[in-house]
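First up is the structure itself, then whatever we jot down about it.
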C-alpha cells in the first residue's frame, strides 16, 4: 500500500511539473482558440495614418484580406502575439494579406514607434484613440483582432492573443475567395 502511495505521489509531482512547464506555452494558443468568433459581418469605414505616414483605410486596403489588431505596449499578451502576427503577415503578404496593428496607448507616438522598431515589427502600425474601437463595434479587451475579407467586411473576431493554428484556416479560406 505504501509503495502504491509513493508511486502516486511521484506521478502527481510529475503531472504538476509538466503542467507548470506547458501552461505558459499553451495559454496564448488556448485563448485564441476559445476567443475566435464569427464577425458581425459589418464593413467598418476606417481611416488611420500609419507610423510611416501611409494611409490605412477601407479604401486603400480594399482587395486585401486584413487582420486589424488592437493592442497596447503595456499589454503582455499583445507582446506575446506580435512575432506570430509578423510571421503571418510575412507568409501571406504575397497573396494579398496584411496585418494592421492599431496601438491604443496613451503613450506618445514616438514611444509606440520605438516599441515596434525594437521588436522588428514591419507590418503597418497606427497610433489611434478610442474612437477606432467604436468603428469596429467595440473592443472588450486587448488584444482583439478583426479579420476582414477582401471587400472589407468583418468575418471573424479574435478576443485574446491570436493563435495561428486557429486563424490560419480562416485566412487561407478568405485569400482563396
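Numbering (full-length UniProt numbering), first residue to last: 1 to 177. C-beta atoms are modelled at their ideal positions from N, C-alpha and C, and glycine is treated no differently.
Determine the extent of the beta strand (DSSP E) in which residue i is found, giving its start and end residues.
i	result
residue 47	47-49
residue 126	125-127
residue 74	Neither: residue 74 is in no beta strand (DSSP E) and is coded neither H nor E.
residue 53	Counting along the chain, residue 53 falls outside any beta strand (DSSP E), and DSSP gives it neither H nor E.
Our contact map puts residue i next to residue j with C-beta atoms below 8 Å; I'd like the distance itself, whole angstroms only.
i	j	result
residue 73	residue 115	5 Å
residue 164	residue 88	6 Å
residue 67	residue 147	5 Å
residue 61	residue 126	So it is not a contact: roughly 12 Å between Cβ atoms.
residue 144	residue 159	5 Å
How is residue i classed by DSSP in three states: helix, strand or coil?
i	result
residue 81	helix
residue 24	Note that residue 24 scores 43 on pLDDT, short of 50, meaning its location in the model is unreliable; the coordinates nonetheless yield the value given after this. Helix, per DSSP.
residue 133	helix
residue 161	coil
residue 168	helix
residue 150	coil
residue 140	coil
residue 174	helix
residue 58	coil
residue 155	strand
Go to residue i, then tell me how far its alpha helix (DSSP H) extends in each direction, as first and last residue.
i	result
residue 109	109-118
Please classify residue i as buried or exposed, where buried requires at least 16 other C-beta atoms within 10 Å of its C-beta.
i	result
residue 100	buried
residue 53	exposed
residue 24	Since pLDDT at residue 24 reaches only 43, below the 50 mark, its modelled position is unreliable, and the value read off the structure follows with that caveat. When all chains shown are included, residue 24 counts as exposed.
residue 111	exposed
residue 35	In this prediction, residue 35 has a pLDDT of 46, which is less than 50 and means its spatial position is unreliable; what the coordinates show is noted afterwards. Buried, by the Cβ-count rule.
residue 161	buried
residue 130	exposed
residue 177	exposed
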